[in-house]
Every structure is written in structure tokens, then in C-alpha cells.
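Worksheet for the structure shown next.
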Amino acid sequence: MFTEVQRYADLAAQLAKDEQFDVIHAHDWMTYPAGVLVSAISGKPLVVHVHSTEFDRSGENVNQMIYDIERMGMHKADRIIAVSNFTRNIIINRYGISGEKVEVVHNGVDRSDAGNGNGNGSLARAGIKKGEKIVLFLGRITMQKGPEYFLGAAKKVLEVMDNVKFVMAGSGDMMHRAVEMAAELGIGSKVLFTGFLHGEEVQKIYKLADLFVMPSVSEPFGIVPLEALENDVPVIISKQSGVSEVLTHALKVDFWDVDEIANKIIAVLKYVPLGVTLRNYGNYEVRKLRWKDAAAKCLKVYEELLTPV
Amino acid sequence: MPSVCFYFQVHQPTRLRHYTVFDKSDHYFDDYKNASICRKVANKCYLPANRLLLELIKKYHGRFKIAYSITGVLLEQLHSFAPEVISTFDALAETGCVEFLAETYYHSLSFLYSRDEFLEQVNQHSETIRSLFGQRPRVFRNTELIYNNDLAALIESTGNFDAILSEGADHILGYRSPNFVYQPKGCSKLKLLLKNYSLSDDIAFRFSNRNWSQWPLTAEKFAKWIGDVNGNGNVVNLFMDYETFGEHQWEDTGIFDFMRHLPEYILKHPDNNFKTPSEVVQCYNSVGTVDVPHLISWADIERDLSAWLGNPMQSNAVHEIYRLEKKVKKTCNPKIISDWRKLQISDHFYYMCTKYFADGDVHKYFNPYDSPYDSYINFMNVLNNLQSRCSSGTTAARSYTPA
Chain A
-10 MFTEVQRYAD LAAQLAKDEQ FDVIHAHDWM TYPAGVLVSA ISGKPLVVHV
40 HSTEFDRSGE NVNQMIYDIE RMGMHKADRI IAVSNFTRNI IINRYGISGE
90 KVEVVHNGVD RSDAGNGNGN GSLARAGIKK GEKIVLFLGR ITMQKGPEYF
140 LGAAKKVLEV MDNVKFVMAG SGDMMHRAVE MAAELGIGSK VLFTGFLHGE
190 EVQKIYKLAD LFVMPSVSEP FGIVPLEALE NDVPVIISKQ SGVSEVLTHA
240 LKVDFWDVDE IANKIIAVLK YVPLGVTLRN YGNYEVRKLR WKDAAAKCLK
290 VYEELLTPV
Chain B
103 MPSVCFYFQV HQPTRLRHYT VFDKSDHYFD DYKNASICRK VANKCYLPAN
153 RLLLELIKKY HGRFKIAYSI TGVLLEQLHS FAPEVISTFD ALAETGCVEF
203 LAETYYHSLS FLYSRDEFLE QVNQHSETIR SLFGQRPRVF RNTELIYNND
253 LAALIESTGN FDAILSEGAD HILGYRSPNF VYQPKGCSKL KLLLKNYSLS
303 DDIAFRFSNR NWSQWPLTAE KFAKWIGDVN GNGNVVNLFM DYETFGEHQW
353 EDTGIFDFMR HLPEYILKHP DNNFKTPSEV VQCYNSVGTV DVPHLISWAD
403 IERDLSAWLG NPMQSNAVHE IYRLEKKVKK TCNPKIISDW RKLQISDHFY
453 YMCTKYFADG DVHKYFNPYD SPYDSYINFM NVLNNLQSRC SSGTTAARSY
503 TPA
């Protein structure tokens, strides 16, 4: 992995020699060495964009080499763009960076295209029937996304309501563990694993879902809830996420508070006006979170860097 | 003239504790939070303001007069958490210069959903005021000054009231001024007093706003504005939340000093005086009819009901609570009935308001919830539990008699 990153850096430096540019913009640790190298050679300013950190991905068990690369990139950069205040705070507190160097540009969302290809297969195989309430988890099934909290809440919900199915749409290193956990909790028949969804299948699952839950442990931003709202699905999101800074019409919980997650899931499924209000206002709110606004903010960062002091 | 008519609204809700769908307890209210808020407001507002107004009444030997409307639910909380406040209201009552108004005991929207329940709550409130302060109220104001022609007609039909208050909203007055006594359309005896929102809000909202063109507002300046009404009106109705004094406007804004000097400057002019609402109505005739076919209130810019009923959650929650009326009353269980009534307090629905949610404003004052959604979820979970208590707790069917 690290040799690849180095090879990429060398290649970038080569290509950069023949290019005209004013600013270098590098995204996440794998491209930082490239950005730093090109900046050193060309003398042009470097902006690094932090979409996630080792602390998000690995909790406290950070990979020291990756951390070192992240830290080096942030220190060598002229400016840093973070996808949320949540991430900005991690940059300041865990990487020794001064606050004035870090800008926050929240991610956006645009009405996605219908998707390509025919993906009917995996949905039907997963056995989702009409008439049942569907609570959706959509994302990588990995520690960072809190799948165990989703399942813990599911168990509590099923103690009180029967006509619900919990769908985990995605794959990841914790997928097998999740399947086991559902069985251990005795809710195996109520939890469906669709695997990774392609194209149209994603739209289809949103159409079936009554509620979307993102119990992330540490989410730098989290675009998926915005997509859910674009598709008229109300959302419950972890307070430990960047997206909770920009969404007001969403239910928010601490990721570890399984009781409260269950409480809120049941409330949405039981009290129809709640879902209606969340959907309507949430969908409207999401229309204001456009990529072009994020792009404009990045442009402003470039301009500030290029203006002679 | 003009006569200055002060009326202060005194209310605190009984807030709910965090109540999930898994909770089974019949204990719904956050006693700790309600107690601490009650004591805080008592110390910052009720006690110092009552002390000041008592001092002014004594100083001006009966020429300074005021009116209060105190909700039943606040009186209950004061009994439990700050009884000394009630004795200061007592002292004020004894001066003979203070009038107490009537409203629904539970500060509810019951007029909109159940006339019977509404009248029971009004009676309960009037009785309480009579037994505490020796006055049976003759002037009525509905929760949040929600008003229309039907309300006036209903109030007149009870035979217990001489006047009713309303917001002097532009869209009902047109070119006319709130500084006169009017008659509600459809009423023959009942009189209507309209809030002068401009002058009232100068004190209640703009007082400490440094960006306001008239900041700082001194007693002298305000008295001059009152005096300017001379020849253009008989009365200036200054209706506001009592928490203006010490809570919405903190002591260091000078609000208490303003009030301390106001009577002096107003009474400097021999034509000016202070009157209670009843005195205003006895003194001045109605100059015309005011037609309010649709409901108005004193809330927000819209002066309508959107603060409590603007989104589906709110209209659903209010609808559900009143749907339970028959069932609740059939239990004849005083605790269930009292809990049901405390759930009618309009604040519960106010907390569910999604207007201006992102901005954070007056709606957020003492709002115990992080979001309107949390308040709806909480409320509905509690309501669910109340509903199940009604089903399980039915005794032999007796007919319900109001307290």
C-alpha cells in the first residue's frame, strides 16, 4: 500500500513538470505525499482536503504510518479544508494544527441520476415484502459505521413492534460479524443483508424504506442521509457526525444510546405525522446543500492563497 | 386621558421529563427541572418585580394600577417551589389597585377543540383566583390572546365577564387605533380591549436592543409617547409577559429602573392616569365594532395560530389529546384527569414548532428540547401511556361531574 502511495507521488511529480497550474488540491492521506512533492518542486501552494482521519476509521487503534503521513501532509499544506467542524476539531486536537489554517466546507448532494444497469436480482433475493415497515442501514458494514448499535436498537424495537424488518445494505469487514450478531440477538429472521447495492437498486431500496438510520461512531461528514432525504426517507443520524451540523430536520442520537435510537425508530414508525414532517422539511432543507456551494467555498480558499499579501 | 392600562401575563408550564416508548411510569413531569426554573424566575422576576410594583402602588397612593393574569398551573408550582411569591401577590391584591384576570386554568387551546372543557377550565381558574386573592375576575383573556368573534360570544353568554382582551393586530383594525374601547361583533354587553402592540413591544422586546433607533428607552421618553396619544385615544393597553422584568430583559438593561420612574413621568401630566381593565371599561364607551371572524393571537409576526398548529406533528398532537376527553373523564380518576389537563398546556405544542427552527429565537426560551421532533416524540409517548391508563383504569361507569 505504501509503495503504491510513493509511486503515485513520483508519477504526479513527473506529470506536474509539464503542466500549468496555480494550486494543488490533495484529498486524504493517500495523495498527501504526491501533493507535498509537487508543491515542493513547483513552488505552488498546497491545499489538503480532509475527508476522514485515522481516528474516524480506526478509533484509537490508529495505524502509526498512516497517521504520520496525515500529520505530515497537514503540516506541509498551506491550507486545510475539513468536511465538517467535527473533523476540524480532530485536526486541531489530534494533529497539532492551528485553527486558523483549517477551513470547513461541508459536502453537498445533488439529485442523483436514476442509475444504470439492471440490479433487480439482489433485492428480490433478500426477501423484502410489501406492507412491512423497513428500517434501513446503508453503508459499509465496518466499525466506523456502528453496525452493532443498529442491531442493538433493532432488538429493542422488535420487543415492542413486530411488523418491521431491518435492512443492512452494504458490505464490509464486519459483515459476517453482523450476521452472527443478528442471530445471537435472536432477530436473524428480521434482519436482511442485501450485500453491496448497484445503481438502480439503491433508488429502489430508498423507495421501500420508511426510515434511514446512521449510527456512525465517528463520521467526518456522511452524505448518505442527505441522499435518503432527497429520496423522501426520514433520517436518524448520529450526533458524532459532520452532517448533523448542517441538518436540522433529522432525528439525532448519540451512537451508543441504543435505547434512544430504538425510542426514535419506534416513534417514526408509530406516529405518522413525525415521518411526514421530517420528510417534507428534510427534503426541502437538503435542496440548499449543493455541491456548487461547496465548490464556491473551495474557490475562495484558492483565491485567498493566491492573493499577494 | 389617555389611561395607561398595564396587564402582565404570568405563566410557567409543567414540562415533561424524558419519556421513551419503553417507559411505563405514570409520572410524566420533570419535577426537578420545573422546580429549578420556577425558582430561577421567582428570583429574577416575580419577587423583585412584585416588590417594585408594590412599592410604586404605595408611593402613588392609589394612582398607579396594574392587572395580572396568573395561570393555575403556575400557581400550583409556586405553592410547591416558591410559596413566598404567592404572598407577594397577596399583598398586591390587598392594595385594591391590582386586578386579576381570568383565563383557562391550564393555559390551554381548549377553546378550539372542546367548549365544555374550556368553560370548566375557565371556571376552575376564576374559583382559584377568588379563593386566593378575594377577587372573582370580570375580565377575560384567552391563552396567548387567541381570539375571534365566537370566543367573545361564548364569554358573553356566561354572564360572568364585562370585557375581553385581544391583540390589536393591523389586519383586524385597518385604519383604526387600538387606543379605544370597542365592542366585539355579535356582542351587546361585552367590551373589547386591544393591545397596543407597538408600545407594548417597545418595552417587552425592543427595550435592550442597541440597534433600535430609539435605544435607550427612558421613562421620560416613553411617557412622552403616551402623552402623544392625547386627543387620539382614550387608553393605551400595554399587555406583556411579566418575565419582561428580569428574564426577557435582564436587570442590567435597566428595565426595573425604567419601571420605577415611569409612573412619575406619566402622572406628571394631569390628563394622564393608570386604570385597571375593569376601570377602563367602566369609564369609556365603545367607539365601534371590531369584526374578527378568523382566529388571531399575539404570537410571532403572523399573529395567528401557526406557532402551535403550523405543522402536521402539532395538529396531530393537539387533535389526539382532545380526542381522549370522553375516555379520560369517564375514568372519574382525579389524577388521570389532572395529568390529561396538564398535557393540554399550550407550551407542549409550542415546543414542537418548526418555524424558525434553524434560527433559534423566543421559541427556544426555556425550551427543554433540542428539537421540535424530540418534543413531539416525548409528548406522544406520554399520551400513549395516559391512554392505556384510561383503558385499564375504568371503574364502574359513573357520570362525570366537573370539579
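Listed in order, the protein sequences are those of chains A and B. Heads up, the first sequence is in the numbering used here, so the first residue is -10 and it goes up one at a time. Heads up, the second sequence is in the numbering used here, so the first residue is 103 and it goes up one at a time. The beta-carbon is built from N, C-alpha and C at its ideal position, and this holds for glycine as well. Because the structure is a prediction, the values reported are computed rather than measured.
For Cys107/B, the enclosing beta strand (DSSP E) stretches over residues Ser105 to Val112.
With its beta carbon at least 9 Å from every one in chain A, Ser448/B lies outside the interface. Using a CB distance below 8 Å, the part of the region 243 to 259 of chain A facing chain B consists of Asp248, Glu249, Ala251, Asn252, Lys253, Ile255, Ala256 and Lys259, ordered along the chain.
Neighbours of Pro204/A across chain B, judged by C-beta separation under 9 Å, do not exist; the nearest C-beta is about 17 Å away. Not a single CB atom of chain A sits nearer than 9 Å to the CB of Pro470/B.
Note on geometry: alpha-carbon atoms of Thr76/A and Val39/A lie some 8 Å from one another.
Between the alpha carbons of Asn152/B and Ile188/B lies a gap of roughly 10 Å.
If you check the CB distance, Leu221/B and Ile266/B do not come in under 9 Å. Shown here, Gly333/B sits in coil according to DSSP, grouped into three states, outside any helix or strand. For Ala271/B, there is no enclosing beta strand (DSSP E), as DSSP marks it with neither H nor E. A straight-line Cα-Cα distance of about 27 Å links Lys297/B and Met454/B. In this structure, the alpha-carbon of Glu89/A lies about 25 Å from that of Ser31/A. Contact between Pro470/B and Arg117/B holds, since their C-beta atoms are separated by about 5 Å, short of 8 Å.
By the criterion of at least three beta-carbon pairs nearer than 8 Å, the region 240 to 247 of chain B is not in contact with the region 281 to 291 of chain B.
Burial is judged here by how many other beta carbons sit within 10 angstroms of a residue's own beta carbon; Val290/A has at least 16 and is buried. About 6 Å separates the beta carbon of Gly174/B from that of Thr230/B, a gap short enough to meet the 8 Å contact definition.
The alpha helix (DSSP H) runs lying completely inside the region 195 to 249 of chain A and spanning 4 residues or more are 213 to 219, given in chain order. With a cut-off of 8 Å on Cβ pairs, the region 124 to 144 of chain B is not in contact with the region 263 to 273 of chain A, counting fewer than three such pairs. Within the DSSP secondary-structure output, Phe202/B pairs in a beta bridge with Tyr170/B. By the C-beta density criterion, Met(-10)/A is exposed, having fewer than 16 other C-beta atoms within 10 angstroms. Contact between the region 374 to 392 of chain B and the region 344 to 357 of chain B is absent, with fewer than three C-beta pairs closer than 8 Å. Closest in C-alpha terms to Lys160/B, from the list Ile172/B, Glu196/B, Phe242/B and Ala137/B, comes Glu196/B. Around the CB of Ala167/A, 16 or more other CB atoms lie within 10 Å, so the residue is classed as buried. Interface flag for His238/A against chain B is set, since a Cβ pair is found closer than 9 Å.
Nearest neighbour of Val143/B by Cα position, chosen from Leu158/B, Ala184/B, Glu178/B and Arg119/B, turns out to be Ala184/B.
Measuring C-alpha to C-alpha distances from Thr456/B to each of Asp476/B, Phe202/B and Ile139/B identifies Asp476/B as the nearest.
Under a criterion of Cβ atoms nearer than 8 Å, no residue of chain B is adjacent to Val(-6)/A; the nearest Cβ is some 41 Å distant. Residues of chain B with a Cβ closer than 7 Å to the Cβ of Pro262/A are, in chain order, Pro414, Met415 and Asn418. Residues of chain A whose Cβ lies closer than 8 Å to the Cβ of Tyr215/B do not exist; the shortest such Cβ separation is about 17 Å. DSSP, reduced to helix, strand and coil, places Asn339/B within a strand of the structure shown. If the five residues before and after Val37/A are omitted, its C-beta is found closer than 7 Å to the C-beta atoms of Ala15, Tyr21, Gly24, Gly62, Met63, Ala66 and Ile69, all from its own chain and listed in chain order. Counting only the Cα atoms, Lys228/A lies some 15 Å from Asp248/A.
Taking C-beta atoms under 8 Å as the contact rule, Glu219/A and Arg100/A qualify, at a distance of about 6 Å. Met157/A is bridged by DSSP to Phe126/A and Phe182/A. Within the region 266 to 298 of chain A, the residues whose Cβ lies closer than 7 Å to some Cβ of chain B are Thr266, Leu267 and Tyr270, listed in chain order. Ranking Asp272/B, Gly356/B and Ile328/B by CA distance to the CA of Tyr367/B puts Ile328/B first.
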